Structure formats: structure tokens, C-alpha cells
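S.K.:
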Amino acid sequence: RGWLGTGMDDVFDHRARITRAPVRLRKGSYTFVLQQNMREEPLQFVLNAGIRVEKARP
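At the far end of the sequence shown sits residue 58, using my numbering, and the numbering has no gaps.
#1: Enumerate in chain order the residues of its own chain whose CB-to-CB distance from LEU4 is below 7 Å, with the five nearest sequence positions on each side excluded.
#2: Any idea which residues DSSP pairs THR6 with across the strands?
#3: So, LEU34 versus ALA49, is the Cβ gap smaller than 7 Å?
#4: Hey, would you say GLN36 sits closer than 7 Å to LEU43, going by beta carbons?
#5: Suppose the cutoff is 6 Å on Cβ atoms and the five residues either side in sequence are ignored; what does the same chain contact list for PHE78 look like?
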């Protein structure tokens, strides 16, 4: 209760749209920073986090 995303066992997935309109990116390298926003520091049992960028659908 109160958690976002879906999961099974110890792997969870949460998708979030960053902007309403697609953003055109130029070819190149980009840096993304993931930051937790929970009261616990560090989060127990969270060993990995990742990000996936998908091509916008028309």
C-alpha cells in the first residue's frame, strides 16, 4: 500500500512520463541522476536502480 509500480519477488518496475510532449534529443551522451526521496538513508535492501529511455510513440 502506498508503493508505486509493479513487481514480483525483489524486482519492481515503475514507469513515469517525464514530459507531456516528446523531447527531441540530439545524438550524444547524456547523464541522468537517480535520487531516492525516502526518509531512510540508505534504503535497506535496495541494491540497484536503473533508467530506460524509450522512443516516443506518435
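Think of the CB as a built atom: it goes at the ideal place given N, C-alpha and C, for glycine as much as any other residue.
For clarity, every value in this text was computed on a predicted model and none was experimentally measured.
M.R.: Working from what's here:
#1: Contacts found: HIS14.
#2: Partner(s): ASP13.
#3: A contact, by the Cβ cut-off of 7 Å.
#4: Cβ distance < 7 Å, so GLN36 and LEU43 count as in contact.
#5: For residue 78 there is no data in the structure shown, the boundaries of the chain being 1 and 58.
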